Amino acid sequence: MAFVVAVAQRKGGAGKSTVAATLATTLAAAGRRVALLDTDPQQSLGRWNTLREGQAKATPLTFESPAGWRIPATLDRLKPSHDLLLLDTPPHADTDSRIAIRAADLVLVPLQPSLADLWALEATLEQARAERRRVMLLLNRASASGKLRDRVVAEIARRELPLLLPALGNRTAFAAAFAEGLGVAEAAPRGAAAAEARALAEAVETLLRQHGMTR
Numbered sequence: 073m074a075f076v077v078a079v080a081q082r083k084g085g086a087g088k089s090t091v092a093a094t095l096a097t098t099l100a101a102a103g104r105r106v107a108l109l110d111t112d113p114q115q116s117l118g119r120w121n122t123l124r125e126g127q128a129k130a131t132p133l134t135f136e137s138p139a140g141w142r143i144p145a146t147l148d149r150l151k152p153s154h155d156l157l158l159l160d161t162p163p164h165a166d167t168d169s170r171i172a173i174r175a176a177d178l179v180l181v182p183l184q185p186s187l188a189d190l191w192a193l194e195a196t197l198e199q200a201r202a203e204r205r206r207v208m209l210l211l212n213r214a215s216a217s218g219k220l221r222d223r224v225v226a227e228i229a230r231r232e233l234p235l236l237l238p239a240l241g242n243r244t245a246f247a248a249a250f251a252e253g254l255g256v257a258e259a260a261p262r263g264a265a266a267a268e269a270r271a272l273a274e275a276v277e278t279l280l281r282q283h284g285m286t287r
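Numbering-wise, the sequence shown is residues 73 to 287 according to our numbering.
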């Protein structure tokens, strides 16, 4: 049965869609059976997937754009034939976001290393707590070092919030790959951004193994 990850963050601009696409394509390239679901009305991933069609570099994965009551039904249909289901969620606390979080085994919350992103976490964390779902934070668009990053990481630790150790850096390669309908591991597999994507994928693989899912 598939492991379900909802990529969620109340604050817009945190990079949810890019994170979801990066993780989906990297895990698919590593041999996992992946489905990517766009539940965000902005449909950024839907346009990304249109660009993706027919590209030789694009690793096969399942893509759908369910909404409302169709989200649980779509998940139930896809679970038997996939290892991982990734949901990109709306950047506000609407019904579709709650449905996606309720259905998830893990709520992955990307945040930029900024106090504004950190302050905006609480609504997403409250939703996850209400649904009794496991949460992991992910630093996105993060510099390798710096006082602000250190301050945000220290605050996350002070609040005893779970943080995935691999971070995605502030690299143009992520946005460039997304603009081509690809993941960075497909567009530039030897680059530093692809290495970060693979480290993130391996961290998620660890969670899959803890969930009892082997290859």
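All C-beta atoms, glycine included, are put in the ideal place defined by N, C-alpha and C.
These numbers were taken from a predicted model, which means no experiment stands behind them.
Judged by their CB atoms, THR111 and ASP177 are not nearer to each other than the 8 Å cut-off. Of the residues VAL79, MET73, ALA74, PHE75, the one whose Cα lies closest to the Cα of LEU211 is VAL79. Using a Cβ distance threshold of 8 Å, THR134 and LEU117 do not count as a contacting pair. The DSSP-derived three-state label of ALA216 is coil. If you look at ALA102, you'll find it isn't in any alpha helix (DSSP H); DSSP assigns it neither H nor E. Under DSSP, the beta-bridge partners assigned to THR134 are ALA107.
Within 10 angstroms of the beta-carbon of GLU258 lie 16 or more other beta-carbons, which makes it buried. In this structure, ALA216 sits away from VAL207, with a CB-CB distance that is not shorter than 8 Å.
Within 10 angstroms of the beta-carbon of SER169 lie 16 or more other beta-carbons, which makes it buried.
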